[in-house]
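Student: Structure provided below as structure tokens; questions to follow.
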Amino acid sequence: MDNNQKQAASGKAAADSRKRKEAPSSAVTGFKNLHQQGRESRPPARPQKRVKFQDARNIRSQPPDAALDGEGKLDLQKFLNAREFEIKALETSMQKCKTANATRVFQQVPREMRRRTASHNAKRVPKRLRDRAKREMLEDNTPTVEARKRRPRTTRARIRAENAKRLEKLAAKKKKRALEGENKDKPGKTTIHTRAPRPKIRRDTLNEPPKSKSKFNKRQVNKTWLPTHLWHAKRATMTEPTKPLWRFAIPMTPTQKSYRPTHRASGQKGTIFWDTSYMSTARIYGTARCIELVLKALGLTQASIWGNRGRKWRAGTRTWSGMVSRQQGNSRRDVGPATILWNPSPTDETAATESNTTEEKKTQRQVLIRTHPSCFLELFDELVKLAKLQTPQVHVEDLRFEVGSIELTGPGSTETLLAVLQPYHTEERHGQVFSSLIGVTNPASLPKDAVLGFSVKDPRLSYPPKRVDTTSKVSDPALLDTLTQWPVEEQVKPYGLFDRHVRFKASNLPPQKSINRRKGANIPGQEIQVTAADPPIPVIVFASRPAAGGQAQGTWTLMAPWKCILPIWYSIVHYPLSTGGNPRLGGLNEQRQIAFEQGTAWFPGDFLGTNAGVVWEMEQRTQRKKAWDRRPKGKRIEWASLDLGAGRKGEIGDGLACDFEHLFGLPKVPSPSSSSGDRSTLDVDPNAMDVDPREEAEAASKLGKPHKNTLPSLATVEQMKKTEFNALVSSADLASRPPPRSIISVNIRFVTRGVANACARIYRLPSRPSATTTVPSSEAEVPATDPVAAGVGSLPADLRDQWLQKLPSQRNGSKSFKTKTHAAPHMPRDVDHGTRKQLMAKSLLSGDPLPYPRPSAANQTDIGGGAHPLCPGEEDLIGFVTAGAYSLGEGKGTAVGAISAEKAFDTLKESGGIKEGRLCIVRNAGESVGWLARWELV
Amino acid sequence: MYIKATMETSTPKPLPNRPDQKMPAIPKGSRIQKRPLPAPLSHRLSSSSSSSSSSNTCRSTTLSSTIPSDKDGYRPPPRAPHTLIIKVTSNAPFMSLVKRVRKGLESPSCMSRQQSTKGLPLAARVAALDTGGGGGGGGGNAQGEGGPVQDALDDVVLVATGRAIQKAVEVGCFFTRERDLNVLLRTRTVRGVDDVVRGDEDNDGSEEEEGSGARVRSVSCVEVGVRWRAA
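Just so you know, the protein sequences line up as chains A and B, in that order.
Take our numbering: the last position of the first sequence gets the number 926, and nothing is skipped along the way.
Take our numbering: the last position of the second sequence gets the number 736, and nothing is skipped along the way.
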């Protein structure tokens, strides 16, 4: 009855609506007729489309009285017919809705090929779709605005427009005058040809950034553009214009969604590539002995690299990558990661130099140091200082804007480079070796730190890049020979990239116009021949293995003159990979993501023991604080009211920071709230890439603070190396301990579940209370002022065991799981329905009933209920997570962080088994639930 | 499931897994550091080569000349351009592998059995049009002379070494249940490169020793090819 009424009501409503719609539907046909008549008489398209949609969405139904016969009785046949009609109407409507296209044609273009504002400009869709786009724009009444013709609205815009008009007139006048002048003195004109000015490279001082085009001058006042800036600015989110990173406008992440594609391109299929021209390069030159002393002072003290084993490195066929450090008082402080490469010496008689080591040490050599811009100034100052101490003096050159670089990673990276870099001289050994690498799918499969230096043709000559033919050219044995023998040592020549003149020559590539002209003169599809006008481009290519080792992908780094990066870049972008698609663009975030997925630390974010890392952390703190401040009060974490259970209230330390100050009891820096937005309170300038240090000093003195020498207290924290720490742990000497305030980088993997964010707290497992220290004693030592510690007394004594129970035991866990899942007897295949039923019933009855109080599930996060163990107390806090997320590679949460070396050392020594000592509990800042995880040294 | 013999044993050759001469022992104090394994060579049968060869015998000769054999003399069959190669790791979940194989099998390029000419040189594209046009126009599975070769190529290949071999075989066995699929198992040899490294106490063994080098090691590899059965 009720149903009937409802149906009736709906039917009536539908009927009403239909009545209303009738008029427009006739209009539709009218429009159609008009449309057929001609385009000029097209009615306004918008109502037409609207009608179309409304018609499609309208579901017709029959009024309920149709089902009744004369006496008001229900006629079943009629009723059924009515329902049948309604169902059909529903189906047709669904069909119509699908066909009544609600999408615009630009949406058909693949996402990565769409262009900005394609919905407003038909010229931004492919040609074959252009007509439809135009029609749809008309139909949708899309407003079109031509920015050029828009009337200026703001005062500033008006002034600019007026200025532009005036400038236009001026330019026209100038042009006219120039033309007249030309006509006048055309016959007897002598022109003087001068060579293009070489960039000035000063010794032992920083260089000026390249002079930008005057058109772009204003935008590069306090930063430098990468050579590919204009390309990137259209496709990636850049650093904010007023807040450059390390004095560069750096692409942070592509505008397209790219998290998972990046993961795939970096490991399984494809390539991801970066313009890393922001990486800083310096050249040191002098006698071999003095350079050696300088490098040793930078912390390259291992005997192995200066002995027989580092011979290949000193010959220039291998790189050295690692942390460089500087002396600070009695201890050494890490500066940052650097890659150091020797230039092969020009003397060919290697045998002679080998025998005469003193001779070798007197020869003039050159070394290239490539480092991160955030630590460049620190390193450069140190280098200059060290260089001046040597006799004969060693000199340092700043090659930051002279040498650019591109990095590639992923299985297709070798293939991409092979297609783009074509050796200029066929007889060059390194070029030959490079060309023979067809078929390599992982740069890490090359010898460790392998370097190839050769010169390549202008990639524009063979643009667009052709796919490398892997089908015919690959020969397994030959490739394996190359990879094992690596025949690069004989007849090595000095690398061209070290030579200023070679770099300068390569920077004067013929303009695109002339390339186009030559291409036009050629037969289509034919490559342009190299002429004398095309200088060879000196490049150095080196492969680096991931710190994680294993099967992970390595990275190719291509170094080339700054001005040659752009042509190379264009060729890489358009290379058709053999696995399909093109190389993917990466930004800074992608670089960090890949480091995170490989479980390695990323500089500077994960290196809190370096000044650059401290600056990064401070910057992050202010950013987090800003974001936190922006949120309404009810929607942000109130740190003070966080309940950690057992009477503990409030977050430990600053919830928005990796608060090592709190952990080590260091004096607090002025809290970010007071300095938010005002970066100058930080004592280190985050833009340590200053053009002129004097400028910086002046600016600093203006602000009334000493230049550079005072750092936040976090900067007293030292980074400890993995090898040092391992040696300490394995040594039997009880007296040796890691220095206080030292941290080690760790990679954290959650045991069962949990995902960490940045700033998450890392605890060690709480120690079992010994017989002497019982609850009252711990109460006694609680100072009355510390509210957080007061709750510790109430933490359960068996907390450690509670946590250890959370560990899935390998044997028991899997067995019980199996028995549970296989509890139901497997149904035999060919049994009839009756026996099936019987078996089913039997299994239901015989099975063990579920335990009544349900066993506490891991996701039962109620701390009060005691289902999940409480977080350990503050005394068990050992460190913080610097980067954490769900790792697509691992399929569970992982994190990279830093923990106190001292506490980690104690834990490993105390708790006996290294396995248990490596367990930790990770709790996100602002959350009360921790999850069990395991840390590994990075 | 068919297991192909890996050897064409006409003359008794030393088996790769039992060579006449063993590799020399590594010097004392050194250890082996493995480089990432290369992917087993995939020889995509480009449509130009398959279409240009008209007769069956000619085709076989051209293929045999271009495809290098494994170390043991086994010559793997060519791969279709659309073949999906899945590297199996030992900790990959079983069902995810099954799903990936299914996805590969049901991809449009696989279902249509028509080679995509994308990215091929112009001449090859034209040649593909000439031969494949009739068959493709008819739709369905019936293709002209390209048929037998197309059917002989795997649609999905699972590649596994070491501990992952078991998993790859399990996945292969799973697909033998399907009526319209053919599953083929091939054993192959992959050659990996090892660095001989002086394991030093202070450097965590990351420094390469002067006199040491790299050496080649043979690894057993299993390829499970899954393909649609010819209609």
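Yeah, the Cβ is synthetic: ideal placement off N, Cα and C, and Gly gets one too.
Note that the structure is predicted; figures quoted are calculated from it, not measured.
Relative to the C-alpha of residue 896 of chain A, which candidate in A:83, A:474, A:725 and A:859 has its C-alpha closest?
Tutor: Of the listed residues, the one whose Cα sits closest to residue 896 of chain A is A:725.
Student: Report yes or no: do three or more beta-carbon pairs, one from the region 394 to 406 of chain A and one from the region 271 to 287 of chain A, lie closer than 8 Å?
Tutor: These segments do not touch.
Student: May I have the straight-line CA-CA distance separating residue 891 of chain A from residue 252 of chain A, to the nearest angstrom?
Tutor: So the alpha carbons of these two residues sit roughly 38 Å apart.
Student: Show which residues of chain A have a CB atom less than 8 Å away from the CB atom of residue 700 of chain B.
Tutor: Simply 435 and 436.
Student: Output the distance between the C-alpha atoms of residue 654 of chain A and residue 702 of chain A, rounded to the nearest integer angstrom.
Tutor: Distance between the alpha carbons of residue 654 of chain A and residue 702 of chain A is about 7 Å.
Student: Checking contacts by CB at 8 Å: is residue 432 of chain A closer than that to chain B?
Tutor: Yes, contact with chain B.
Student: Should residue 560 of chain B be labelled buried (16 or more other beta-carbon atoms within 10 Å of its own) or exposed?
Tutor: Unreliable positioning characterises residue 560 of chain B in this predicted model, as indicated by a pLDDT of 37, which lies under 50. The coordinate reading is nonetheless provided below. It counts as exposed.
Student: Quick check on DSSP: helix, strand or coil for residue 588 of chain B?
Tutor: Correct three-state label for residue 588 of chain B: coil.
Student: Kindly say whether residue 582 of chain B, judged by its beta-carbon, lies nearer than 8 Å to any beta-carbon of chain A.
Tutor: With 8 Å as the cut-off, residue 582 of chain B does not count as an interface residue toward chain A.
Student: Buried or exposed: which applies to residue 184 of chain A, given that a residue is buried once 16 or more other Cβ atoms fall within 10 Å of its Cβ?
Tutor: The residue is exposed, with fewer than 16 neighbouring Cβ atoms inside 10 Å.
Student: Can you say whether residue 977 of chain A is buried or exposed, counting buried as having 16 or more other CB atoms within 10 angstroms of its CB?
Tutor: Because chain A is modelled from -11 through 926, residue 977 of chain A falls outside the range shown and cannot be assessed.
Student: In its own chain, which residues sit with a C-beta less than 6 Å from the C-beta of residue 605 of chain B, not counting the 5 before and 5 after it?
Tutor: Closer than 6 Å at Cβ, skipping near neighbours: 591.
Student: To the nearest angstrom, report how far apart residue 883 of chain A and residue 919 of chain A are at their CA atoms.
Tutor: Rounded to whole angstroms, residue 883 of chain A to residue 919 of chain A spans 12 Å at the Cα level.
Student: Going by the CB atoms, is the gap between residue 658 of chain B and residue 584 of chain B shorter than 8 Å?
Tutor: Result yes, Cβ atoms of residue 584 of chain B and residue 658 of chain B sit closer than 8 Å.
Student: For residue 217 of chain A, list the residues DSSP reports as bridge partners.
Tutor: Note: residue 217 of chain A sits in no beta bridge, so no partner.
Student: Flag this pair as yes or no: are the beta carbons of residue 468 of chain A and residue 698 of chain B separated by less than 8 Å?
Tutor: Result yes, Cβ atoms of residue 468 of chain A and residue 698 of chain B sit closer than 8 Å.
Student: Alpha carbon to alpha carbon, what distance is there between residue 623 of chain A and residue 411 of chain A?
Tutor: Each residue's Cα considered, the two are about 60 Å apart.
Student: If you count every other CB in all the chains shown that lies within 10 Å of the CB of residue 866 of chain A, and 16 or more means buried, which is it?
Tutor: Flag for residue 866 of chain A reads buried.
Student: Should residue 532 of chain B be flagged as near chain A, meaning a C-beta pair shorter than 8 Å?
Tutor: By this cut-off, residue 532 of chain B is not an interface position.
Student: Relative to the alpha-carbon of residue 751 of chain A, which residue among A:121, A:95, A:544 and A:889 has its alpha-carbon at the smallest distance?
Tutor: For the residues A:121, A:95, A:544 and A:889, the minimum Cα distance to residue 751 of chain A belongs to A:889.
Student: Using only CA atoms, which one of A:544, A:878, A:95 and A:591 lies nearest to residue 595 of chain B?
Tutor: Closest option to residue 595 of chain B, Cα to Cα, is A:878.
Student: Helix, strand or coil: how does DSSP classify residue 316 of chain A here?
Tutor: Three-state DSSP puts residue 316 of chain A in a strand.
Student: Need the endpoints of the alpha helix (DSSP H) that residue 903 of chain A sits in, please.
Tutor: Run containing residue 903 of chain A: 902 to 905, per the alpha helix (DSSP H) assignment.
Student: Give the secondary structure of residue 617 of chain A by DSSP, where H, G and I count as helix, E and B as strand, and everything else as coil.
Tutor: In the structure shown, residue 617 of chain A sits in a helix (DSSP, three-state: H, G or I).
Student: Short of 8 Å in beta carbon distance, which residues of its chain neighbour residue 580 of chain A, apart from the five on each side in sequence? Order them along the chain.
Tutor: Excluding sequence neighbours, residue 580 of chain A sits near 590, 593 and 871.
Student: Find out if the Cβ-Cβ distance for the pair residue 731 of chain A, residue 886 of chain A is shorter than 8 Å.
Tutor: Yes; because the gap between Cβ atoms is below 8 Å, this pair is in contact.
Student: Do residue 36 of chain A and residue 74 of chain A have their C-beta atoms within less than 8 Å of each other?
Tutor: No, the pair does not count as a contact, with Cβ atoms beyond the cut-off.
Student: Is it true that the region 213 to 228 of chain A meets the region 502 to 516 of chain A, where meeting means three or more beta-carbon pairs spaced less than 8 Å apart?
Tutor: With a cut-off of 8 Å, the region 502 to 516 of chain A and the region 213 to 228 of chain A do not count as touching, because too few Cβ pairs lie within range.
Student: Within a Cβ cutoff of 8 Å, which residues of the same chain sit near residue 596 of chain A, ignoring the five residues on either side of it in sequence?
Tutor: 602, 605, 646, 648, 702, 705, 707, 731, 870 and 886, listed in sequence order.
Student: Under 8 Å: do the region 451 to 459 of chain A and the region 297 to 313 of chain A share three or more Cβ pairs, one atom per stretch?
Tutor: No, the region 451 to 459 of chain A does not touch the region 297 to 313 of chain A.
Student: In chain order, what residues of the region 536 to 568 of chain A put their CB closer than 7 Å to some CB of chain B?
Tutor: Residues 539 and 564.
Student: Kindly indicate the opening and closing residues of the alpha helix (DSSP H) around residue 367 of chain A.
Tutor: 364 to 377 is the span of the alpha helix (DSSP H), which, as asked, contains residue 367 of chain A.
Student: What residue does the beta strand (DSSP E) around residue 871 of chain A start on, and which one ends it?
Tutor: From DSSP, the beta strand (DSSP E) with residue 871 of chain A extends over 865 to 875.
Student: For residue 719 of chain B and chain A, any beta-carbon pair shorter than 8 Å?
Tutor: It does; some Cβ of chain A falls within 8 Å.
Student: Since residue 543 of chain B meets chain A, which of its residues come closer than 7 Å, beta carbon to beta carbon?
Tutor: Simply 429 and 433.
Student: Roughly how many whole angstroms lie between the Cα atoms of residue 719 of chain B and residue 265 of chain A?
Tutor: Rounded to the nearest angstrom, the two C-alpha atoms are 33 Å apart.
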